[in-house]
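Protein chains in written order, with the numbering used here: chain H, -1 to 476; chain Z, 5 to 163.
Glycine included, C-beta positions come from ideal geometry on N, C-alpha and C.
Given the structure is predicted, the values throughout are model-derived calculations rather than measurements.
Okay, so here's the structure we're looking at.
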Amino acid sequence: MAEGTTYATPYDEPGHENDLKRSITGRLLFFYTLGDVLGSGIYVLIGAVAGAVGGAFWIAFGVGVAIAVITAMAYAELVTKYPQAAGAALYVNKAFGNKFLTFLITVCFLSSSFAAAGALSSGFASYFLEVWEFAPALVISLVFVLILTIINFIGITESVVINMLMTFAEVSGLIIVTIIAIWYVAEGNADFGTLTDFSNAEGHPILAIISGVALAFFAMTGFENTANVAEETIDPQRSFPRALIGGIATAGVIYVVVAIAAALTVDTETLAGSEASLLEVIKADIIPVPVDAMVILFAIIAMIAITNTTLVAVVTQPRILYGMAKEDVVPGVFSKIHSSRRSPWFGLIFSGLVVAALLTIGSQIDLAAGETLIDRLATVTVVFLLFIYALVIVSCLKLRGHDEAEGNYRASTPLLVVGLVGNLVLLGYVVYDDPSSLYWCAGLVALGVVLFLVEYLFGKRTRPASAERGDPEVGRGA
Amino acid sequence: MHVIVATDGSKQSLAAARHLKSFADPTKITEVSVIAVIRPLAAVSFADELSTVDQRKAHTDAGSFRAAAENAVDVVAAEFDGWGPKVHRKVRGGSPANEIIKAAKQLSAGLVVVAAGGRGISDVVLVGSTAQRVQHYAPCPVLVVRPAPRRTTSKAGRS
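Shown next as structure tokens:
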């Protein structure tokens, strides 16, 4: 996957003397993608997926990862064509040239990141409470958001080594689960019949799978943030497609294996009934290791995994706001940089407050029976991301024949069409199944519109004279 | 002597460059390398607060932090135009302190010039700023330019 991509490529540009050293190798990018994807889901919502499908819920993870891999292919093609840090908004702008659509995509991306950070913080609190039960979940998740915001301000997130260590910790947790299942199977206790069980399905198994995929899809998200480091990747033409697609495919294999392991060792009802579902596998006390120690170890690993992914979200939000401020679509205060820390302090504080508001509001209102705040915010994230993914695939197809250069990665067209249909079917299902999530989506988009109006009515012009308002091409550079 | 002038895109880094020029003897300096470091995993990888809207190479390297770093390097490098020493412009990626120290070793620099960063509470409370780490680990003398009283700083930035 990432092997053989760790050498530097000389880079020429007039006036800058071949000394434009890029620092992200293919291997680092692979671990960045893997860590970002892994933390976002399986620790948090495996129980909900099991509850929707039954013992066969591993199929939902398999289908979900297939759609995500195809979407990642579209991202890989676009990143090799336009290796800048702007991501989806840039691609949609290149493809459609429509300022409103570009703004909408940017706001959707920002909103999805807010909702994801909220869901992950709730997930963190669930695992935390399994070990130390001394405060309400809301307080723990709020403190978690606060700490991450401070960490981000100081800039610890910038260490690629820490990033890699966290990814290793995440994988190790999932290996523990797999080992337990192998032990269980070896002892001859496993009933493989559960793997084709659709007992929890309301209606046709296909519908159950779709609903499972819709829930599981949150676990696949996160890879789109890899575009953050596109610009600093060594030899992006070669290493980006490998690292991105390889990273998410590896995550997918791990997901399916862990889902099978969980289904074999714990019955679906127990999984579905737990807020920290993977811990149930440990609590089943299958391997001859003291269960209390294992529970604490595993909970800590799960918290590390969730922290890793939340950190990326917390870094991405002020970055998007910074870009938008430079394009004059949100107030200029979002581009204010702290003089010594070089962090966008206002964007950081604002993002932290939005996530805290989501958590607080979510804990105060009555959710539908059997639904947790994690499920709710995960659904909101997925609605936004499915919309963005579908548009990115369309942009990828629309930009064929433009800006193509020798050595660009090119995704398979039939696969992209399949991926597009997959994304749209899921989007349709999620909206049909849970229309109330649209209120949350509307609220987050409205926040973006309010920021735009404030800037439009009161803001000063900071973009270059040649650029229109909302042109993502000025967003980062200027 | 080869002098490295680091810029993080801040007005203070420009003031540091000007400070060097104000007292150093250009005949003793053979080369000046202006270096900016991009932090890929940071929320804002590079913030250019130096170049004016007209100076920016708009649309040549669209929507990129790299363009921001190059713009900032250009502004600082322009300070040394016609001063005497040959001026190099460099943009690197990674941790700023590490990259500045590495560059100092590779170029066998005789002096590194950095700005000391802000004067806020965070500098008192939190250790580990770029200037501090460069001071500790650089292979050569380091000129750390402290921020001047506010009025002077803002004047330097504006002109």
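Any C-beta of chain H under 8 Å from that of residue i
i	result
residue 44 (chain Z)	yes
residue 70 (chain Z)	yes
residue 112 (chain Z)	no
residue 12 (chain Z)	yes
residue 86 (chain Z)	no
residue 133 (chain Z)	yes
residue 76 (chain Z)	no
residue 128 (chain Z)	Unreliable placement is indicated for residue 128 (chain Z), whose pLDDT of 49 sits below 50; no coordinate value is reported for it.
residue 28 (chain Z)	no
residue 51 (chain Z)	yes
residue 40 (chain Z)	no
residue 21 (chain Z)	no
Where residue i falls: helix, strand or coil (DSSP)
i	result
residue 37 (chain Z)	strand
residue 436 (chain H)	helix
residue 149 (chain Z)	strand
residue 458 (chain H)	coil
residue 92 (chain Z)	strand
residue 1 (chain Z)	There is no way to answer for residue 1 (chain Z), as the model of chain Z reaches only from 5 to 163.
residue 44 (chain H)	helix
residue 31 (chain Z)	coil
residue 330 (chain H)	helix
residue 141 (chain Z)	helix
residue 78 (chain Z)	helix
residue 397 (chain H)	coil
residue 82 (chain H)	coil
residue 53 (chain H)	helix
residue 102 (chain Z)	helix
residue 286 (chain H)	coil
residue 65 (chain H)	helix
residue 33 (chain H)	helix
residue 403 (chain H)	coil
residue 56 (chain Z)	coil
residue 147 (chain H)	helix
residue 363 (chain H)	coil
Nearest to residue i (by Cα), restricted to the options the options
i	options	result
residue 404 (chain H)	H:79, H:438, H:106 and H:396	H:79
residue 38 (chain Z)	Z:44, Z:47 and Z:12	Z:12
residue 8 (chain Z)	Z:136, Z:133, Z:150 and Z:109	Z:109
residue 45 (chain Z)	H:151, H:381, H:201 and H:302	H:151
residue 101 (chain H)	H:444, H:455 and H:75	H:444
residue 25 (chain H)	H:48, H:72 and H:224	H:224
residue 123 (chain H)	H:247, H:57, H:274 and H:377	H:274
residue 67 (chain H)	H:209, H:161, H:249 and H:187	H:249
residue 421 (chain H)	H:163, H:51, H:253 and H:64	H:64
residue 239 (chain H)	H:162, H:268, H:75 and H:363	H:75
residue 91 (chain H)	H:457, H:448, H:396 and H:418	H:396
residue 21 (chain Z)	Z:34, Z:32, Z:52 and Z:119	Z:119
residue 53 (chain H)	H:161, H:439, H:269 and H:144	H:269
Burial state of residue i (16 or more Cβ within 10 Å)
i	result
residue 433 (chain H)	exposed
residue 336 (chain H)	buried
residue 324 (chain H)	buried
residue 164 (chain Z)	The structure shown has nothing for residue 164 (chain Z), since chain Z only spans 5 to 163.
residue 143 (chain Z)	exposed
residue 478 (chain H)	A query on residue 478 (chain H) cannot be resolved here, the shown segment of chain H reaching from -1 to 476 and no further.
residue 134 (chain H)	exposed
residue 61 (chain H)	buried
residue 321 (chain H)	buried
residue 182 (chain H)	buried
Chain Z contact for residue i (CB, 8 Å cutoff)
i	result
residue 153 (chain H)	yes
residue 109 (chain H)	no
residue 329 (chain H)	no
residue 82 (chain H)	yes
residue 346 (chain H)	yes
residue 306 (chain H)	no
residue 200 (chain H)	no
residue 435 (chain H)	no
residue 406 (chain H)	no
residue 320 (chain H)	yes
residue 230 (chain H)	yes
In DSSP terms, what residue i is bridged to
i	result
residue 115 (chain Z)	Z:7
residue 176 (chain H)	Beta-bridge pairing links residue 176 (chain H) to no other residue.
residue 42 (chain Z)	Z:97
residue 231 (chain H)	H:22
beta-carbon residue i near the ligand MN non-hydrogen atom, thresh 7 Å
i	result
residue 300 (chain H)	Absence of the ligand MN from the depicted structure is noted, as is the absence of any ligand whatsoever, leaving it without description.
Cutoff 8 Å: residue i Cβ touching any chain A Cβ
i	result
residue 47 (chain Z)	No chain A appears in the structure shown, which is made up of the protein chains H and Z.
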